[in-house]
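Residue numbers (my numbering): 182 to 544. Everything on this sheet refers to the single structure shown next.
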Ligand code: NAD
């Protein structure tokens with residue numbers, strides 16, 4: 182009887198339901214397969230506006246708790262990204278635990294595809310960090326709920342160039358608001374992470390006359406990109422302390438935190454990474470207090486989502502690029518709202534997204 186009473190106690194903590202990141206999630210699916218070594222988590226945050234679409238990330242997480250937190254934060258971000266961009270999509274995301282350079286196999290991706298298929302279209306997947314169009318082809322052998330397939334296979338291809346274009350548009354809008362001109366000529370931009378998105382962003386920036394400094398975990402990538410685009414490689418020990426006009430986070434999330442803000446001294450933050458603010462409220466306000474203009478990540482990195490959405494609604498790539506260009510005006514609108522209402526740019530963007538979902542929920 183004593184034990185029974187103990188079980189009856191209401192649960193008050195845990196890594197999923199009671200985590201800050203879980204807020205309002207509809208469904209979380211844990212997927213495991215010993216033969217292929219698959220360990221994946223699919224997070225479905227909100228399907229009010231449509232099926233939950235979001236990429237799959239493969240990363241060597243230090244702990245399961247870290248992987249859960251990441252997938253929950255990412256899937257929630259996708260809901261607001263689709264909402265603010267005016268797409269009829271919900272928010273979802275998946276993470277596969279492992280090193281994408283060592284642990285990934287076609288069989289593992291196919292197994293993952295079976296799990297995606299089991300959700301009958303409530304979740305549609307695509308690429309994210311550590312995943313490429315070939316992997317999506319493998320997933321596609323088991324499910325039709327995939328986007329970002331190679332163009333040769335009738336898909337919209339790698340979404341990263343469109344994402345990079347949207348980030349560039351968002352950065353230009355931020356420059357317009359901060360400096361009165363959207364020219365990036367002569368501005369020192371530090372791009373952290375020069376993967377699929379970061380590299381194309383470096384291309385746009387150097388073409389626009391910006392002075393670009395790059396940093397990545399992979400030395401070979403840094404050397405190649407520096408040579409191709411005439412960028413400087415950062416080799417110091419604290420990238421955030423580097424003097425710069427614009428910081429472009431294009432690696433992983435949460436780089437805007439107490440430690441980085443203690444030394445970060447720039448005018449603008451505008452990059453592709455999801456969930457850049459370690460704590461949305463606290464660090465959003467801290468950034469504002471420092472006089473830094475933050476271009477909300479889930480708004481300016483929506484180009485890739487727009488591109489994969491084109492596979493569902495049959496847009497051409499030109500239409501995707503046109504829609505991605507609208508990020509410029511939406512960003513300007515958000516900067517103005519933030520100034521007028523005395524709220525952070527992140528809050529101003531969130532307000533628009535949440536309102537769209539609320540309106541859609543009304544009977
Ligand atoms: P990617 O895997 O191609 O590139 C990420 C790069 O970041 C890698 O080269 C990696 O070595 C580097 N990196 C990781 N940690 C780092 C660190 N601490 N310092 C420096 N470099 C580091 O991924 P991607 O597709 O270019 O995506 C980059 C970011 O943009 C991710 O946060 C992703 O979620 C986000 N994003 C991507 C897209 C897209 O279309 N690919 C769309 C929206 C958002």
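By construction, the Cβ of each residue, glycine as well, lies at the ideal position given by its N, Cα and C atoms. None of the values given here were measured: they were computed from a predicted structure.
Contacts around residue i, its chain only, beta-carbon distance under 8 angstroms, and the 5 residues preceding and following it disregarded
i, result
"residue 337", "328, 329, 330, 488, 489, 491, 492, 498, 501"
"residue 526", "465, 469, 474, 475, 476, 477, 515, 516, 519"
"residue 204", "257"
"residue 368", "356, 391, 392, 426, 427"
"residue 318", "330, 331, 334"
"residue 359", "448, 449, 474"
"residue 199", "192, 193"
Inter-residue spacing [alpha-carbon to alpha-carbon] between residue i and residue j
i, j, result
"residue 386", "residue 393", "7 angstroms"
"residue 430", "residue 417", "17 angstroms"
"residue 484", "residue 463", "27 angstroms"
"residue 495", "residue 300", "23 angstroms"
"residue 304", "residue 390", "41 angstroms"
"residue 298", "residue 419", "43 angstroms"
"residue 285", "residue 320", "12 angstroms"
"residue 539", "residue 232", "16 angstroms"
"residue 351", "residue 272", "21 angstroms"
"residue 537", "residue 480", "14 angstroms"
"residue 423", "residue 415", "9 angstroms"
"residue 432", "residue 398", "9 angstroms"
"residue 411", "residue 523", "40 angstroms"
"residue 443", "residue 421", "9 angstroms"
"residue 287", "residue 210", "21 angstroms"
"residue 460", "residue 439", "10 angstroms"
"residue 542", "residue 395", "43 angstroms"
"residue 366", "residue 222", "43 angstroms"
"residue 363", "residue 482", "18 angstroms"
"residue 217", "residue 197", "25 angstroms"
"residue 193", "residue 511", "40 angstroms"
"residue 579", "residue 404", "Residue 579 cannot be examined here, being either before or after the span of the chain that is shown, 182 to 544."
"residue 400", "residue 191", "51 angstroms"
"residue 326", "residue 276", "16 angstroms"
"residue 446", "residue 247", "29 angstroms"
"residue 252", "residue 453", "17 angstroms"
"residue 244", "residue 278", "9 angstroms"
"residue 457", "residue 323", "33 angstroms"
"residue 441", "residue 544", "45 angstroms"
"residue 236", "residue 310", "8 angstroms"
"residue 266", "residue 316", "27 angstroms"
"residue 264", "residue 528", "14 angstroms"
"residue 295", "residue 467", "43 angstroms"
"residue 293", "residue 388", "39 angstroms"
"residue 306", "residue 224", "11 angstroms"
"residue 195", "residue 212", "19 angstroms"
"residue 353", "residue 208", "37 angstroms"
"residue 521", "residue 513", "12 angstroms"
CA nearest to the CA of residue i, picked from the options
i, options, result
"residue 517", "433, 505, 398, 530", "530"
"residue 549", "399, 314, 240", "Nothing about residue 549 can be reported from this structure: the residues present for the chain run from 182 to 544 only."
"residue 380", "278, 349, 368", "349"
"residue 370", "364, 221, 207, 426", "426"
"residue 409", "424, 513, 398, 382", "382"
"residue 436", "248, 323, 372, 210", "372"
"residue 343", "203, 200, 503, 544", "503"
"residue 201", "227, 302, 222, 249", "249"
"residue 376", "366, 513, 312, 411", "312"
"residue 283", "230, 239, 532, 415", "239"
"residue 291", "270, 236, 219, 358", "219"
"residue 378", "486, 276, 472", "486"
"residue 302", "193, 388, 521, 234", "234"
"residue 289", "453, 345, 214, 224", "214"
"residue 534", "237, 269, 307", "269"
"residue 532", "224, 262, 293", "262"
Nonlocal neighbours in the same chain, by C-beta distance under 6 angstroms from residue i, ignoring five residues either side
i, result
"residue 255", "274, 455"
"residue 546", "The question about residue 546 has no answer, for the chain in this structure spans 182 to 544."
"residue 280", "241"
"residue 226", "206, 256, 257, 260, 272"
"residue 407", "414"
"residue 345", "378, 381, 382"
Own chain, CB closer than 7 angstroms to residue i, minus 5 neighbours either side, in chain order
i, result
"residue 402", "375"
"residue 347", "481, 482, 483, 484, 505, 508"
"residue 384", "410"
"residue 228", "207, 271, 303"
Mind pulling the alpha helix (DSSP H) runs of 4 or more residues that sit fully within the stretch 274 to 350? Positions of the alpha helix (DSSP H) runs, each at least 4 residues long and wholly inside the stretch 274 to 350, are given as 287 to 299, 314 to 321 in order along the chain.
Fully enclosed by the stretch 449 to 495, which alpha helix (DSSP H) runs are 4 residues long or longer? Counting only runs of 4 or more, we get 461 to 470, 478 to 481, 484 to 494.
Could you tell me which whole beta strand (DSSP E) segments of length 3 or greater appear in the stretch 376 to 440? Taking only runs of at least 3 residues, the beta strand (DSSP E) segments lying wholly in the stretch 376 to 440 are 392 to 396, 427 to 430.
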